[in-house]
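Numbering (this note's numbering), first residue to last: 1080 to 1549.
Even for Gly, the Cβ is constructed at its ideal location relative to N, Cα and C.
Scroll down for the structure; my scribbles are underneath it.
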C-alpha cells in the first residue's frame, strides 16, 4: 500500500509530540517521586526536632537513659506526637498506649535513641550510615543522639494512595496530550500540504499541456515562493508554446509564398501560357533567392540559439568594420533618398575582441532594417559613445516610429511592426533576432527605443579589448 506524504507528515509530528509527552510524563513521575520523598523526610526531620525537648526533660528527670532500655512503652510515650488524643484507658489510668504506625508514618520503626557513645539505647537497632542524627544536649553536654532513617520509598497507605493518584493523573494528562498532539498533527499536515497538493495537481495539468493553469499564492513562506515559481514556469511555458506555434505559422507562411510563386510560374511555363524568357528566369531566381535567404537565416538562427554559431574572434577596429559595411547600402539609401549622417570622426578607432564577419552581418542586418522601414527622404544617423569598458554604436532613423509597447518584441523572430506582413518591406523577420544573438555572443547588449529623430533607435554595446567580460 502506498503511503502518502500527508500520512507520513502526520506520523512524524504525532510521534514527535508523543515522545515529548512520554518524556515529560516520565520526568514528572521521577521528579514527583524524589520531591515527595524529600517532602516526607523533611516532615519527619521536623517531628524528630520536636522530640528533643521531651528527651531532654526525660533525661534530666531520670539522670540517664536506663529507664528506656527494654521499655518500649516508655519510648513510644516519649515519641508520641504532641497533641495526639490519649486512648480511653490513658485518660482513666494516666498510662499511654503505643500509637498505631499510621499515626507517625512509621516513625517508631525508623527513629532510634543513641547514648553519648552512639550506642543504640532503644528504637531502630540498625539506623545505618545514612541516618539523620540530631544531638541531645543537657547543660552544654551531648548526652545522646536521635537518629532517623530517611524514606527510601513511600510506604504508608495515605502516602501511597496520594502517590498513585498523582501517577495516574500524569498518565491521564499524557494520554490527553497525545490525543491533542494527534489532532494538531493532522491539522498541521493538512495545512502544510494543502499548497503542495495544489501545486502537484497543477503540475499534472501542466504536464498534459494545460499551460494556462496557475496556483493561488496564499502565503509568503517557502511554499508561497514555490507556488510563485510554478506560476512563472507555467507562464514561461505558455509563452514558449505561443512562440512555437507562431514560429511554425510564420515559417510556413514565409515558405508558402515564394513556393506558390514558383509553382505558379512553372505551371504557366509548362502550359505554354508564359514563354521561357530572361525576365521569367530572373523572377524565378528572385523567388529562389528569397527561399535561400530564409533558409540561411533559419539555419544561422538555430545555430546561434544553441551556441553553435562559429566565431573567429580577433582584435579588430569595430568602427572600421562599420565603415566597410556602409558602401553596400549606399545605392539603397540613395534609391529611397535617405541621407546618411555619420557622426563618427574620420580616423577614430575602437578595438574589440570580435569576429569581423559576424560584426559585418550584425551591421548589415541593422542597416537593412533601417532602409526597409524608413520613409523616403528620411535620415539615417550613426553615432557612438564610449567609456573605459564599452563602446556604444547608435543607429537612429526618421519616421515611421515604433509604438512603445512593441519595442520589447522587435528582437523576437518573425516579429514585424507592419501587421500586413508586406513582403515588399518585411524581409524574413529574423535579422534582428540573429543580430541580438551575435551581440550577446560578444558579451554585449542590444536595445531598441524611440529615436529623437522620430523613428527607431537601436543601440549596440560591445566590450572594448582589454575590458573584463563575464
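Mind checking residue 1542: buried by the 16 CB within 10 Å criterion, or exposed? Within the chain shown, numbered from 1, the residue matching residue 1542 stands at position 463. By the 10 Å Cβ count, residue 1542 comes out buried.
What's the gap between the Cα of residue 1358 and the Cα of residue 1427? Within the chain shown, the letter at position 279 stands for residue 1358. Within the chain shown, the letter at position 348 stands for residue 1427. Taking the straight line joining both Cα atoms gives about 46 Å.
Assign residue 1270 to one of three DSSP states: helix, strand, or coil. Looking up residue 1270 in the chain shown gives position 191. Note: residue 1270 maps to helix in three-state DSSP.
Residue 1393, enclosing alpha helix (DSSP H) - first and last residue: Within the chain shown, the letter at position 314 stands for residue 1393. Counting along the chain, residue 1393 falls outside any alpha helix (DSSP H), though it belongs to the beta strand (DSSP E) covering 1393-1396.
Just how far apart, CA to CA, sit residue 1354 and residue 1364? On the chain shown, position 275 is the one that residue 1354 refers to. On the chain shown, position 285 is the one that residue 1364 refers to. If I take the Cα positions, the gap works out to 16 Å.
When 1379, 1538, 1139 are compared against residue 1461, the one with the closest alpha-carbon: Stepping through the chain shown from its first residue, residue 1461 is reached at position 382. Comparing Cα-Cα distances from residue 1461 to each of 1379, 1538, 1139, the minimum goes to 1538.
Exposed or buried, what is residue 1189 when buried is set at 16 or more other beta-carbons lying within 10 Å of its beta-carbon? Within the chain shown, numbered from 1, the residue matching residue 1189 stands at position 110. Buried, since its Cβ has 16 or more Cβ neighbours within 10 Å.
With a threshold of 8 Å, are at least 3 pairs of Cβ atoms found where one atom belongs to the segment 1429-1448 and the other to the segment 1394-1405? yes
Under three-state DSSP, which class holds residue 1304? Residue mapping note: residue 1304 aligns to position 225 of the chain shown, counting from 1. Reduced to three states, the DSSP call for residue 1304 is helix.
Rounded to whole angstroms, what is the Cα-Cα separation between residue 1420 and residue 1465? One-based indexing of the chain shown puts residue 1420 at position 341. One-based indexing of the chain shown puts residue 1465 at position 386. So the two alpha carbons sit approximately 19 Å from each other.
Does the distance from the CB of residue 1290 to the CB of residue 1262 come in under 7 Å? Counting from 1 along the chain shown, the entry for residue 1290 is found at position 211. Counting from 1 along the chain shown, the entry for residue 1262 is found at position 183. Result no, Cβ atoms of residue 1290 and residue 1262 do not sit closer than 7 Å.
Take the Cβ of residue 1521 as the centre, count every other Cβ of all protein chains shown within 10 Å, and call the residue buried at 16 or more, exposed below. Numbered from its first residue, the chain shown carries residue 1521 at position 442. Buried, because 16 or more other Cβ atoms sit within 10 Å of the Cβ of residue 1521.
Top-ranked residue by Cα proximity to residue 1155, from 1219, 1192, 1142: Position 76 of the chain shown, counted from the first residue, corresponds to residue 1155. When only C-alpha atoms are compared, the closest one is 1192.
Identify every residue that forms a DSSP beta bridge with residue 1526. Looking up residue 1526 in the chain shown gives position 447. Paired residue(s): 1538.
Among 1431, 1477, 1322, which has the Cα closest to the Cα of residue 1531? Stepping through the chain shown from its first residue, residue 1531 is reached at position 452. Checking every option, the nearest Cα to that of residue 1531 belongs to 1477.
Count the other C-beta atoms from every protein chain shown that fall within 10 angstroms of the C-beta of residue 1452, then say buried if there are 16 or more, exposed otherwise. Along the chain shown, read from residue 1 onward, the residue named residue 1452 stands at position 373. Per the 10 Å Cβ criterion, buried.
Comparing C-alpha positions only, which one of 1518, 1475, 1434 sits nearest to residue 1396? Locating residue 1396 in the chain shown gives position 317, where the first residue counts as 1. It is 1434 whose Cα lies nearest to the Cα of residue 1396.
So which of 1379, 1159, 1431 has the shortest CA-CA distance to residue 1544? Working through the chain shown from its first residue, we reach residue 1544 at position 465. The shortest Cα separation from residue 1544 among 1379, 1159, 1431 belongs to 1431.
Could you check the C-alpha separation between residue 1130 and residue 1159 for me, to the nearest Å? To locate residue 1130, count along the chain shown from 1; it is residue 51. To locate residue 1159, count along the chain shown from 1; it is residue 80. Taking the straight line joining both Cα atoms gives about 9 Å.
If you compare alpha carbons, which of 1321, 1282, 1331, 1286 is closest to residue 1309? By 1-based counting over the chain shown, the position of residue 1309 is 230. Comparing Cα-Cα distances from residue 1309 to each of 1321, 1282, 1331, 1286, the minimum goes to 1282.
From residue 1500 to residue 1454, what does the alpha carbon distance come to, in whole angstroms? By one-based count along the chain shown, residue 1500 stands at place 421. By one-based count along the chain shown, residue 1454 stands at place 375. Low confidence applies here, because residue 1500 scores a pLDDT of 37, under 50, leaving its location unreliable; read the following figure in that light. Computed Cα separation, rounded: 17 Å.
Three or more C-beta pairs closer than 8 Å, one from the segment 1216-1232 and one from the segment 1121-1137: is that the case here? yes
What residues match up with residue 1459 in a beta bridge as DSSP calls it? Reading the chain shown from its first residue, position 380 is the one you call residue 1459. Answer is 1419, 1476.
Do residue 1486 and residue 1527 come within 7 Å of each other at the CB atom, strictly closer than that value? Along the chain shown, one-based indexing puts residue 1527 at 448. Along the chain shown, one-based indexing puts residue 1486 at 407. The answer is yes: Cβ separation under 7 Å.
Determine the direct distance from the alpha carbon of residue 1377 to that of residue 1324, and round the result to whole angstroms. Here residue 1324 is taken as the residue at index 245 of the chain shown, counted from 1. Here residue 1377 is taken as the residue at index 298 of the chain shown, counted from 1. Answer to the nearest angstrom: the Cα atoms are 16 Å apart.
Just confirm the distance between the C-beta atoms of residue 1513 and residue 1444, as a whole number of angstroms; I'd bet it's less than 8 Å. What you label residue 1513 is simply residue 434 of the chain shown in a count that begins at 1. What you label residue 1444 is simply residue 365 of the chain shown in a count that begins at 1. Contact flag correct, Cβ pair sits at about 6 Å.
Any 3 or more C-beta pairs closer than 8 Å across the segment 1243-1261 and the segment 1091-1103: yes
On a Cα-Cα basis, can you pick out the residue from 1311, 1299, 1300 that is closest to residue 1292? Numbered from 1 along the chain shown, position 213 holds the residue referred to as residue 1292. Of the candidates 1311, 1299, 1300, the one whose C-alpha sits nearest the C-alpha of residue 1292 is 1311.
For residue 1523, which residues from the same chain have a beta carbon less than 8 Å from its beta carbon, with the 5 sequence-adjacent residues on both sides left out? On the chain shown, residue 1523 is found 444 positions in, with the first residue counted as 1. So the list reads 1469, 1539, 1540, 1541, 1542, once near-sequence residues are dropped.
Buried or exposed, going by whether 16 or more other CB atoms sit within 10 Å of the CB of residue 1535? For the purposes of this step, residue 1535 is identified with residue 456 of the chain shown, where counting begins at 1. Classification of residue 1535: buried, given that the 10 Å Cβ count is 16 or more.
Expressed to the nearest angstrom, what Euclidean distance is found between the alpha-carbon atoms of residue 1467 and residue 1429? If you number the chain shown from 1, residue 1467 lands on position 388. If you number the chain shown from 1, residue 1429 lands on position 350. Those two C-alpha atoms are separated by around 11 Å.
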